[in-house]
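Here is the structure we will look at.
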Amino acid sequence: MDFVYTDSKGIEIGFLRNCSIDLEIGTYDKGSNDFQITISQEERDPNLTYESLIYCENTEYGGVVKSLEIDTESGEIIIGGICPRALLKGDYIQPKNRKDEYYFFNGEANKCIKEYIGSSTLFFNYIDNTEKSLRINKNLNDFFIVSEENSGFQLNYASRYSNTLQTFETMLLAVGAKLSLIWKNGKIELSVVPIYDYSPKLQFDNDYGLQIIAKRDTYQYNHCIGLGKGDLQERQVVHVFKINDEYFELNEIDDVSKITKDLNTMIYDFSSVESVQELIDGTKTKLKEAQTNNSIEIKFENLDVEIGDIVGAKEYITGISLRTSIVQKILKCTFYQNYSDYDIEYKVGE
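To convert, take the position in the sequence shown, counting from 1, and add 675; that gives the numbering used here.
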């Protein structure tokens, strides 16, 4: 794995050497989409500075340098920056004109995204029936190009003052697609591609080095007594039961056989409660919060998945299964003079 670096004008200088990089990419709500390069003063090329690009060709890994930090005692420099998804996250979709209610993405997906990336933005104030506006070209056009291929996906989506990265993710997910970001000759190519479901392969094919760590705890609280205001026999009392992963107050249960004999009971003291309904709701919440979460962690090798793809597995002893999407990829790479070592960690959604 090699990372190209450029000067502040985007002119290619060479490859990163004798340094390490920690880079994270991910979805709008999960990924920090940034990177840090750690390098000594002696090894750093002065051309690697603010607004320089670093990227691994034909991957999403890379970004724009935005910060430099130096420790004079250790002689170490930390170069920080943002990844392409952060550029999209820093943009908001606005109506094309003040009288438009929405910005519409309507048509073939790549064409819609290309039109938006290449367009200018009209910024307008509208206060007390007075309008002032100015048009500014987006900086996104300086970094992104969009595939000319027909994606096979049609969009019909309306957006108004919504985050660009979040909007792209949401509207593409609705049609079974994801956003692909690939570095090509110093630009990031955006394209709309299908979401790939790897869960059958991970579950049944040993070629991917699947490791599962699963925990299932069946000894859980399934009964909560809620105590409200009042004293002794005048005190408000409600009972909430957990039945098949749902929570019912006593008056909501019409079949007593649904309540297990193996009760594991807890008490919720809520003497400051204002109403019986508040006591019921609070007791249900406390019983839910007392549950021990079942967990499953999967690790795999020899499989290159992208943000938005689906992975899954089933652990047969505990009976726990997981099928969810990749929301983060964390790359840790050390560059030596003639080779590099790297590790990629994948994180999934809830």
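Where is the CB? At the ideal position from N, CA and C, for every residue including glycine.
Asked                                                                                                                                                                                     : Found
With DSSP as the reference, label A849 as helix, strand or coil.                                                                                                                          : coil
So, N926 versus N897, is the Cβ gap smaller than 9 Å?                                                                                                                                     : no
For the putative contact between Y767 and T702, defined by C-beta atoms under 8 Å, what is the C-beta separation to the nearest angstrom?                                                 : No, Y767 and T702 are not in contact; Cβ-Cβ is about 17 Å, not under 8 Å.
Since S946 sits in a beta bridge, which residues does DSSP pair it with?                                                                                                                  : DSSP, once it has assigned bridges, lists no residue as partnering S946.
Can you tell me which of I686, P721, C731 puts its alpha carbon nearest to the alpha carbon of D677?                                                                                      : C731
Can you name the start and end residues of the beta strand (DSSP E) that Q711 belongs to?                                                                                                 : 709 to 715
Buried or exposed: G827, going by 16 or more other Cβ atoms within 10 Å of its Cβ?                                                                                                        : exposed
Could you give the residue range of the beta strand (DSSP E) that holds P869?                                                                                                             : 862 to 869
Return the residue from the list A784, Y801, Y1011 that minimises the CA-CA distance to L848.                                                                                             : A784
Would you call F710 buried or exposed, if buried means 16 or more other Cβ atoms sit within 10 Å of its Cβ?                                                                               : buried
Under a Cβ-count criterion, where at least 16 other Cβ atoms within 10 Å of its own Cβ denotes burial, should K917 be classed as buried or exposed?                                       : buried
In its own chain, which residues sit with a C-beta less than 6 Å from the C-beta of F879, not counting the 5 before and 5 after it?                                                       : Confidence is the limiting factor: at F879 the pLDDT is only 44, short of 50, which leaves the residue's position unreliable, though a coordinate-based value still follows. Cβ neighbours of F879 beyond the five flanking positions: none.
Determine the DSSP secondary structure at L723, reduced to helix, strand or coil.                                                                                                         : coil
Using a threshold of 9 Å, state whether the C-beta atoms of I934 and E699 are closer than that.                                                                                           : no
Quick one: is I802 buried, meaning 16 or more other Cβ sit within 10 Å of its Cβ, or exposed?                                                                                             : exposed
Identify whether Q895 lies in helix, strand or coil by the three-state DSSP scheme.                                                                                                       : coil
Could you give the DSSP three-state label for T731: helix, strand or coil?                                                                                                                : Checking the sequence, you will find Cys at residue 731 rather than Thr. Correct three-state label for C731: coil.
Locate the beta strand (DSSP E) running through C694, then write down its first and last residues.                                                                                        : 694 to 701
Less than 8 Å between the CB atoms is what I'm expecting for I1094 and N708, so what's the real figure, rounded?                                                                          : Outside the displayed range of the chain (676 to 1025) lies residue 1094, so it cannot be described from this structure.
State yes or no: is the C-beta of K771 within less than 9 Å of the C-beta of S794?                                                                                                        : yes
Identify, in the order they occur along the chain, each residue of the same chain with its Cβ nearer than 6 Å to the Cβ of A833, setting aside the five sequence neighbours on each side. : Y777, F779
Along the chain, where does the beta strand (DSSP E) that runs through L743 open and close?                                                                                               : 737 to 746
Does the Cβ-Cβ distance between N781 and L830 come in under 9 Å?                                                                                                                          : yes
Hey, Q841 and D984: beta-carbon distance below 9 Å or not?                                                                                                                                : no
Going by beta carbon distance, what residues of the same chain come within less than 7 Å of Y873, once the five residues before and after it are set aside?                               : L978, V980, D984, I985, V986
Output needed for R910: all residues of its chain with C-beta closer than 8 Å, excluding positions within five of it in sequence on either side, in chain order.                          : L902, G903, K904
Give me the Cβ distance between V913 and E924, rounded to the nearest whole Å; I'm assuming they're in contact under 8 Å.                                                                 : 6 Å
For I955 and K1022, what's the separation of their Cα atoms in angstroms?                                                                                                                 : 37 Å
For N812, which residues in the same chain have their Cβ closer than 6 Å to its Cβ, ignoring the five residues on either side in sequence?                                                : S795
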